[in-house]
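For reference, the structure is listed below as structure tokens.
Number of protein chains: 2
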Amino acid sequence: MILEINEEFLDNLKELIASKNDKEISAFFSEVHFADIAEVLDELNFDEAIYIIKLLDSEKTSEILTELDEDTREKILENLSAREIADEIGEMDSDDAADIIGELSEERQRRVINALEDDDLAADIKELLSYDDNTAGALMAKELVKVYETWTVAGCMRRIRGQAKEVTRVHSIYVVDKEDKLVGRLSLKDLITSKSDQKIADILKPKVDAVNVHEDDEEVAKIMAKYDLEAIPVVDDNNVLVGRITIDDIVDVIRDEADKDYQMAAGFSQDVEANDTIWEITKARLPWLILALFGGFISVSVLGSFDSAMNNYPELFFFTPLIAAMAGNVGVQSSAIIVQGLANDSLKGSLFKRLLKEILQGLLNGFVLAALLMSAGMLFLGFGLNLGITVATSLISVIIIASIIGTFIPIILAKRGIDPALATGPFITTSNDILGILIYFSIAKLVLGF
Amino acid sequence: MILEINEEFLDNLKELIASKNDKEISAFFSEVHFADIAEVLDELNFDEAIYIIKLLDSEKTSEILTELDEDTREKILENLSAREIADEIGEMDSDDAADIIGELSEERQRRVINALEDDDLAADIKELLSYDDNTAGALMAKELVKVYETWTVAGCMRRIRGQAKEVTRVHSIYVVDKEDKLVGRLSLKDLITSKSDQKIADILKPKVDAVNVHEDDEEVAKIMAKYDLEAIPVVDDNNVLVGRITIDDIVDVIRDEADKDYQMAAGFSQDVEANDTIWEITKARLPWLILALFGGFISVSVLGSFDSAMNNYPELFFFTPLIAAMAGNVGVQSSAIIVQGLANDSLKGSLFKRLLKEILQGLLNGFVLAALLMSAGMLFLGFGLNLGITVATSLISVIIIASIIGTFIPIILAKRGIDPALATGPFITTSNDILGILIYFSIAKLVLGF
Chain A
0 MILEINEEFL DNLKELIASK NDKEISAFFS EVHFADIAEV LDELNFDEAI
50 YIIKLLDSEK TSEILTELDE DTREKILENL SAREIADEIG EMDSDDAADI
100 IGELSEERQR RVINALEDDD LAADIKELLS YDDNTAGALM AKELVKVYET
150 WTVAGCMRRI RGQAKEVTRV HSIYVVDKED KLVGRLSLKD LITSKSDQKI
200 ADILKPKVDA VNVHEDDEEV AKIMAKYDLE AIPVVDDNNV LVGRITIDDI
250 VDVIRDEADK DYQMAAGFSQ DVEANDTIWE ITKARLPWLI LALFGGFISV
300 SVLGSFDSAM NNYPELFFFT PLIAAMAGNV GVQSSAIIVQ GLANDSLKGS
350 LFKRLLKEIL QGLLNGFVLA ALLMSAGMLF LGFGLNLGIT VATSLISVII
400 IASIIGTFIP IILAKRGIDP ALATGPFITT SNDILGILIY FSIAKLVLGF
Chain B
0 MILEINEEFL DNLKELIASK NDKEISAFFS EVHFADIAEV LDELNFDEAI
50 YIIKLLDSEK TSEILTELDE DTREKILENL SAREIADEIG EMDSDDAADI
100 IGELSEERQR RVINALEDDD LAADIKELLS YDDNTAGALM AKELVKVYET
150 WTVAGCMRRI RGQAKEVTRV HSIYVVDKED KLVGRLSLKD LITSKSDQKI
200 ADILKPKVDA VNVHEDDEEV AKIMAKYDLE AIPVVDDNNV LVGRITIDDI
250 VDVIRDEADK DYQMAAGFSQ DVEANDTIWE ITKARLPWLI LALFGGFISV
300 SVLGSFDSAM NNYPELFFFT PLIAAMAGNV GVQSSAIIVQ GLANDSLKGS
350 LFKRLLKEIL QGLLNGFVLA ALLMSAGMLF LGFGLNLGIT VATSLISVII
400 IASIIGTFIP IILAKRGIDP ALATGPFITT SNDILGILIY FSIAKLVLGF
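Chains as they are written, first to last, in numbering that gives the first Met the number 0: chain A, 0 to 449; chain B, 0 to 449.
Spelled out as structure tokens, the structure:
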């Protein structure tokens with residue numbers, strides 16, 4: 000069912016475009032979903048993409064525009080006039096329209112909004128643009144089906160036939176009082192199974208989940224996922240109904256959030272994709288790598304300060320990468336558990352208990368790994384007992400301390416309002432590397448006395 | 000709106016339970032959503048949870064059961080008879096019912112299904128249990144609204160009133176032919192805006208996205224997210240309509256998948272949560288740590304084989320953790336981009352171009368970092384030119400090779416049907432550590448000649 004976009008397909012298409020075989024191109028795309036067409040356009044060069052856009056009818060292109068990759072869309076919009084953009088925008092739902100206008104410069108935003116023929120849509124877009132990014136207000140659409148509690152079922156059916164035309168999907172019908180305050184909801188099912196002379200006030204469901212227009216979008220995602228909601232009404236501080244958020248937008252929020260966390264853990268300082276240019280990818284990768292390099296310098300200095308051990312215990316230096324790697328791995332594991340716990344709101348109970356648990360956990364892992372290390376070292380590498388004890392004790396200490404750091408850095412970041420996902424990745428690996436080496440050589444100095 | 004479950008709240012509740020203040024407990028929980036009650040129960044000890052379950056009416060408890068953490072639910076189900084479980088199951092949708100029965104032992108599964116009063120539900124559950132995990136069949140529910148193409152709008156309305164009672168949410172009405180093969184769909188909106196004597200065959204939308212019952216659930220998630228679908232019908236190999244999947248189940252698939260990838264990248268061998276026991280967490284963490292330890296041994300041997308350098312160039316050994324860390328960081332970044340690209344199906348174009356891009360990307364990052372390293376080393380650490388060149392050249396080589404490995408290991412894994420997310424994390428860090436050190440010392444030997 001999904002269109003397979005492979006090299007062969009793209010080559011064929013490029014040939015059709017080069018030979019201006021419009022008939023075959025249109026015939027092909029008439030059968031394809033706009034989300035698939037958008038994916039195809041993302042793979043073409045700019046001239047080819049424009050060629051196809053001009054071939055397709057305007058109803059389809061407005062849908063395609065909403066689905067395009069931001070980079071491709073930006074280039075296409077740059078080549079359209081404010082009037083042309085306004086025509087495309089006019090076909091969109093208010094939330095998609097606001098998202099796309101929001102990507103333009105302020106000057107162009109004004110010109111496109113002025114060029115809109117539908118004044119209501121223009122007002123809706125202005126309102127949506129006024130909310131902060133990542134809030135319910137920025138995510139919601141203005142299109143919804145709203146009825147007054149004083150109406151009858153029959154009157155309601157008549158009027159929602161009009162409203163429903165503008166709403167792609169009717170999830171719930173929201174009931175408001177005469178001041179437009181949200182008082183309840185109804186499903187279409189409730190309406191068609193009620194008598195036509197009943198008052199809406201008598202059949203509405205008074206308990207309705209709603210979110211404030213300033214609520215964080217990730218919080219909205221959590222609420223909708225938890226309560227299995229497919230749409231949620233958005234109200235202002237006076238409980239006046241101002242919009243609704245549907246689950247398809249939330250699916251995007253959840254995926255973006257997961258991608259962001261994953262990328263942060265992997266050491267990217269900004270959103271990046273496999274198909275971005277080398278320059279864009281470098282900009283996203285280099286900051287963390289420079290930080291890691293700086294951390295590496297510190298570990299070089301730490302090692303340098305223990306150079307007196309080099310004559311009698313050269314083997315100690317062979318183990319530094321092992322100790323550093325174990326510290327890094329343990330730290331990342333501990334912080335990942337906490338980052339996910341924070342994201343799912345499943346971290347309850349006292350900090351002291353968590354600390355105790357991490358120490359026990361570290362001891363357990365540490366003993367198993369130290370026993371393995373010591374026996375392998377003595378059997379295969381010919382360790383003396385002292386060296387064996389040094390490396391084993393260091394490993395246990397390093398693992399416990401790396402666990403504690405991995406656990407508490409994300410908690411502290413979250414308390415200060417910083418995204419805890421920042422902690423998993425190069426930051427924790429680098430700091431645990433340094434600390435691991437420092438602990439290792441300090442213990443060695445204590446045991447072996449160099 | 001969301002219930003705040005903090006220590007104070009739990010302490011109060013535990014006191015109410017201890018003093019058997021049933022009236023206050025019921026009064027409190029009567030206002031709370033079952034998803035919130037489930038979260039509270041997850042935090043209580045077993046006796047307390049059972050106490051509350053017995054207080055609440057059975058309609059609510061079946062909903063709570065579906066929302067509980069698997070561990071908590073397992074303990075509760077162990078204490079219920081097959082008949083009691085069957086009573087709870089009888090109130091559930093077929094997909095939730097099958098999920099919960101699937102968690103029981105085979106012997107208990109049989110007993111519970113036999114104890115079900117509703118034979119249709121029993122047959123539905125047996126069918127759902129027969130599909131492989133992580134397929135559309137295992138995810139779908141049997142409840143849906145189905146009409147025949149030969150019906151009229153009026154007849155349709157009459158009959159779906161009956162069917163709709165069993166279906167929590169009516170997204171689409173699926174139209175089938177006399178062999179139950181899917182031929183189209185309708186929305187409730189289409190029905191209420193059509194004339195009552197029209198034939199369904201004349202108003203149905205013939206193009207309907209559907210997935211095969213054996214389709215992978217992540218593939219279903221991609222399709223639904225891409226086309227913004229809220230429900231999708233499931234058909235068997237003969238295109239017979241067998242069930243439907245709703246977006247709320249897909250939200251769970253997306254979240255689980257993201258959690259799994261994140262955990263794999265952080266080095267867990269199985270699903271784990273912050274509140275799991277120390278033993279469970281250790282089981283999930285230790286396998287990768289042991290692998291990393293084993294990798295560490297190899298790096299120890301590699302370093303040991305270069306011990307002849309120790310007399311003349313002790314500084315070389317101070318840089319091993321830095322080189323290893325940079326190799327690890329770069330490898331994780333490269334693999335994360337690819338893992339995400341594979342997950343989003345956005346990796347197109349030839350492998351050769353990707354290889355070239357990674358090499359260029361590695362060169363660019365490598366030069367910047369090597370220049371920083373060399374100047375800092377010569378300014379602050381008193382490097383000679385030869386040592387500076389050695390470390391800088393090694394860093395560039397290590398970065399390029401780590402990028403290539405990070406890029407191609409996930410691609411190779413994916414081609415062999417292994418989850419590429421496995422590559423990001425301890426696996427890539429460990430192998431890049433070893434390789435990084437080997438390259439570093441080989442270059443040093445070549446340049447410095449020890």
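Every residue gets a Cβ at the ideal spot worked out from N, C-alpha and C, and that includes glycine.
Residue range of the beta strand (DSSP E) that includes Lys145 (chain B): Per DSSP, the continuous beta strand (DSSP E) segment holding Lys145 (chain B) begins and ends at Val144 to Tyr147.
Would you mind working out which of B:Asp235, B:Lys53 and B:Thr423 sits nearest Val331 (chain A), comparing C-alpha positions? Checking every option, the nearest Cα to that of Val331 (chain A) belongs to B:Thr423.
Does DSSP classify Asp46 (chain A) as helix, strand or coil? It is helical.
Any beta carbon of chain B sitting closer than 9 Å to that of Thr134 (chain A)? Not an interface residue.
Against chain A, with Cβ distances strictly below 9 Å, would Met0 (chain B) count as a contact? The predicted model places Met0 (chain B) with a pLDDT of 44, which falls under 50 and marks its position as unreliable, so this point remains unresolved.
With distance defined between alpha-carbon atoms, name the residue in A:Asp98, A:Gly154 and A:Lys206 nearest to Ser129 (chain A). Relative to the Cα of Ser129 (chain A), the nearest Cα in the group A:Asp98, A:Gly154 and A:Lys206 belongs to A:Asp98.
By how many angstroms is the C-alpha of Pro232 (chain A) removed from the C-alpha of Glu77 (chain B)? Cα-Cα distance, rounded: 40 Å.
How about the region 46 to 62 of chain A and the region 17 to 33 of chain A: do they share at least three Cβ pairs that are nearer than 8 Å? Taking 8 Å as the limit for Cβ pairs, the verdict is that the region 17 to 33 of chain A does touch the region 46 to 62 of chain A.
Less than 8 Å between C-beta atoms, sequence neighbours within five positions excluded: which residues of the same chain meet that for Met0 (chain B)? Here the model assigns Met0 (chain B) a pLDDT of 44, short of 50, so the residue's position is not dependable and the matter cannot be decided.
Specify, as a first and last residue, the run of the alpha helix (DSSP H) that Val390 (chain A) falls within. From DSSP, the alpha helix (DSSP H) with Val390 (chain A) extends over Leu384 to Lys414.
For Leu380 (chain A) and Gly435 (chain A), I'd like the C-alpha separation in whole angstroms. Rounded to the nearest angstrom, the two C-alpha atoms are 22 Å apart.
Any beta-carbon of chain A closer than 9 Å to the one on Glu126 (chain B)? No, no contact with chain A.
Between the C-alpha atoms of Gly340 (chain B) and Val271 (chain A), what's the straight-line distance to the nearest angstrom? CA-CA distance, Gly340 (chain B) to Val271 (chain A), rounds to 10 Å.
So, are the CB atoms of Met377 (chain B) and Leu371 (chain B) less than 9 Å apart? No.
Measure the Cβ-Cβ separation of Ala140 (chain A) and Arg243 (chain A) and say whether it is below 9 Å. For Ala140 (chain A) and Arg243 (chain A), yes; Cβs fall inside 9 Å.
Could you give the uninterrupted runs of the alpha helix (DSSP H) lying entirely in the region 203 to 273 of chain A, keeping only those of 4 residues or more? You should have 216 to 225 and 246 to 265.
In or out: Thr149 (chain B) buried (at least 16 other Cβ within 10 Å) or exposed? Per the 10 Å Cβ criterion, exposed.
Residue from A:Phe27, A:Ile52, A:Ser25 and A:Ser171 whose Cα sits closest to the Cα of Ala37 (chain A): Of the candidates A:Phe27, A:Ile52, A:Ser25 and A:Ser171, A:Ile52 places its Cα closest to the Cα of Ala37 (chain A).
Can you tell me whether Ala17 (chain A) is buried or exposed? The criterion is at least 16 other CB atoms within 10 Å of its CB, across all chains shown. Counting other Cβ atoms within 10 Å of its Cβ, Ala17 (chain A) stays below 16 and is therefore classed as exposed.
Under the three-state DSSP convention, the category Lys19 (chain A) falls into: DSSP places Lys19 (chain A) in coil when its eight states are reduced to three.
4-residue-minimum alpha helix (DSSP H) runs that sit fully inside the region 107 to 131 of chain A, ordered along the chain: Within the region 107 to 131 of chain A, the complete alpha helix (DSSP H) runs of at least 4 residues are 118 to 129.
Does DSSP put Gly376 (chain B) in a helix, a strand or coil? DSSP places Gly376 (chain B) in helix when its eight states are reduced to three.
Answer yes or no: do Val174 (chain B) and Ala153 (chain B) have a C-beta to C-beta separation smaller than 9 Å? Here Val174 (chain B) is not near Ala153 (chain B), since their CB atoms are 9 Å or more apart.
Residues of its chain near Lys13 (chain B), where Cβ-Cβ distance is below 6 Å and the 5 sequence neighbours each way are ignored: Within the same chain, Lys13 (chain B) has no close Cβ partners at all.
What would DSSP say about Lys74 (chain A), mapped onto helix, strand or coil? In the three-state reduction of the DSSP assignment, Lys74 (chain A) falls in the helix class, which pools H, G and I.
Tell me the rounded alpha-carbon separation between Ala157 (chain A) and Asp235 (chain A). First, the residue type needs correcting, since residue 157 (chain A) is Arg and not Ala in the sequence shown. In a straight line, the C-alpha of Arg157 (chain A) is about 28 Å away from that of Asp235 (chain A).
For the region 388 to 402 of chain B against the region 356 to 368 of chain B, do three or more pairs of beta-carbon atoms, one drawn from each stretch, fall closer than 8 Å, so that the two count as touching? They touch, by the three-pair rule.
The region 426 to 443 of chain A touching the region 320 to 331 of chain A, judged by at least three CB pairs closer than 8 Å: Short answer: they touch.
Flag Ala273 (chain B) as yes if its beta-carbon sits less than 9 Å from any beta-carbon of chain A, otherwise no. Yes, Ala273 (chain B) lies at the interface with chain A (some Cβ there is under 9 Å from its Cβ).
Within 9 Å of any Cβ in chain A, is that where the Cβ of Gly183 (chain B) sits? It does not: the Cβ of Gly183 (chain B) has no partner Cβ on chain A nearer than 9 Å.
What whole-angstrom Cβ distance do Ile404 (chain A) and Phe366 (chain A) have, given they're in contact under 8 Å? For a cut-off of 8 Å, the C-beta gap from Ile404 (chain A) to Phe366 (chain A) is around 19 Å, too long to register as a contact.
Along the chain, where does the alpha helix (DSSP H) containing Val329 (chain B) start, and where does it finish? Per DSSP, Val329 (chain B) belongs to the alpha helix (DSSP H) from Thr319 to Ala342.
Hey, does Val146 (chain B) have any beta-carbon neighbour from chain A nearer than 9 Å? Judged by the 9 Å Cβ criterion, Val146 (chain B) is not in contact with chain A.
What is the C-beta distance between Ser349 (chain B) and Glu6 (chain A), in whole angstroms, given that I count them as a contact (C-beta under 8 Å)? Indeed, because the Cβ distance is near 7 Å, the residues count as touching under 8 Å.
What are the residues in the region 18 to 42 of chain B lying within 7 Å of chain A by C-beta distance? Correct list: His32, Ala34 and Glu42.
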